[in-house]
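First comes the structure, then the notes that go with it.
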Amino acid sequence: MTQFFDQIMDRAAQGVPLPTAVVHPVDRRSLGGALAAAEAGLIAPILVGPRAKIEAVGLDVGTHRVVDVPHSHAAAARAVQLVHEGEAGALMKGALHTDEMLAEVIARDSGIRTERRISHVFVMRTPAYAKPLLITDAAINVMPDLLAKRDIVQNAIDIARAIGIETPKVAILSATEEVNPRLPSTIDAAALCKMADREQISGGMLDGPLAFDIAVSPEAVEAKNLKSGVAGVADILVVPDLVAGNMLAKQLDYLGGADAFGIALGAQVPIILTSRADGVEEREISAALAKLVAERARP
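All you need for the numbering used here is the position in the sequence shown, starting with 1, plus 3.
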């Protein structure tokens, strides 16, 4: 498992660093993470925020560009503008709330949204699973409808392929493996699988609805005698809603010994969307994910 993430870092460190607008890096975690990612050759940071607060953190920013703005809201707006101007190929969240940053990303007239729904993907490294486990969406879409889930699934497949999982196995989670009209998430799961059959979703192998144990445990699959190319070996877990996803990811993180790295897709550029509590490694590997996604998307 560690070797896989080492390979991601090595691959991402090759070539030219990704110009990245770092939004409001006014604490040690966010500024230190951006500087560490720059030192690793992953990003070329543009530090967007109040210069006095950035300098007050006490870390040497060297020759990295600082764009001085008065507050966090202005930092988010200016970072998005840098994307429009072609100066930034990614965004990195600093010491501000996710909603504040995304409000500028999705702004109707000035934002950088595309036709695809923006969604977040956690890439988890957990000792209880033999390979990386992607969980989506646990950070942005509260109660996505079927069309939003289509985009959520496609974004996750795109990230998985960018990091070397050529045909990711996608488990659409619910509380049961049976389609039950009293559980709307099972209806959505079945529809998503049919959408994949019709190539409305591409690049992955889908199955669902699947309960969590069936998605990740070969023993559970054998006990229930379920025939599936995804069950027991899933690469991607698609949750019914944000509450379920957020709980699942944080349980793995805080009780299961997992590490969580994350980015958002669906905007014009990848967004490195880590928690304000995340340390340097989480921010570095998340930056590596964004660089690999950006390189794969480049014409």
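Yeah, the Cβ is synthetic: ideal placement off N, Cα and C, and Gly gets one too. This structure is a prediction, so every number in the text was calculated from the model and none was measured.
query = If we call anything under 9 Å between Cβ atoms a contact, is K230 one with L45?
reply = no
ask   = Pick from A16, V182 and V272: whose alpha carbon is nearest that of G114?
value = V272
message = Suppose the cutoff is 8 Å on Cβ atoms and the five residues either side in sequence are ignored; what does the same chain contact list for S220 look like?
response = Sequence-distant Cβ neighbours of S220 in its own chain, meaning closer than 8 Å and more than five residues away, are G235.
inquiry  = Between which two residues does the alpha helix (DSSP H) holding S75 run?
reply    = S75 to H87
key: Buried/exposed call for M127, threshold 16 Cβ in 10 Å   = By the Cβ-count criterion, M127 is buried, with 16 or more other Cβ atoms from all chains shown falling within 10 Å of its own Cβ.
Own chain, CB closer than 6 Å to A290, minus 5 neighbours either side, in chain order = A40, L45, I46 and I275
task = Quick one: grab the DSSP three-state call for I160.
result = helix
key: Limits of the beta strand (DSSP E) - the one that M208 falls within   = M208: member of the beta strand (DSSP E) spanning M208 to L213, first to last residue.
request  = Would you list the one or two residues that DSSP bridges to H67?
outcome  = BP columns for H67 are empty, so no partner.
Cα-Cα separation between L213 and T66, rounded to whole angstroms = 51 Å
request  = For H123, count neighbouring C-beta atoms within 10 Å of its own C-beta (all shown protein chains included) and say buried if the count is 16 or more, exposed if not.
outcome  = buried
key: Spatial distance of A62 from A163 (CA atoms)   = Note on residue identity: the sequence assigns Leu, not Ala, to residue 62. One Cα belongs to L62, the other to A163, and the distance between them is close to 34 Å.
query = For R153, which residues from the same chain have a beta carbon less than 7 Å from its beta carbon, with the 5 sequence-adjacent residues on both sides left out?
reply = L195, M198, Q203 and I204
ask   = Along the chain, which unbroken stretches of the beta strand (DSSP E) at least 3 residues long are found entirely within the segment 211 to 297?
value = 239 to 241 and 262 to 268
query = Is I190 helix, strand or coil when you go by DSSP?
reply = helix
inquiry  = Can you check which of these residues, D140, M146 and V145, is closest to Q157 by C-alpha distance?
reply    = D140
request  = Any chance you could list the beta strand (DSSP E) runs of at least 3 consecutive residues sitting entirely within the segment 20 to 54, in chain order?
outcome  = 21 to 26 and 46 to 52
key: DSSP-derived helix/strand/coil call for A174   = Strand at A174.
request  = Measure the alpha-carbon distance for K96 versus D200 and round it to whole angstroms.
outcome  = 36 Å
ask   = If you drop the 5 nearest sequence neighbours on each side, which residues of the same chain put their C-beta closer than 8 Å to that of E287?
value = M12, G36, A39, A40, A43 and L45
message = On a Cα-Cα basis, can you pick out the residue from L255, L105, K172 and G282 that is closest to V233?
response = K172
message = I'd like to check one pair, A131 with G248: are the Cβ atoms closer than 9 Å?
response = no
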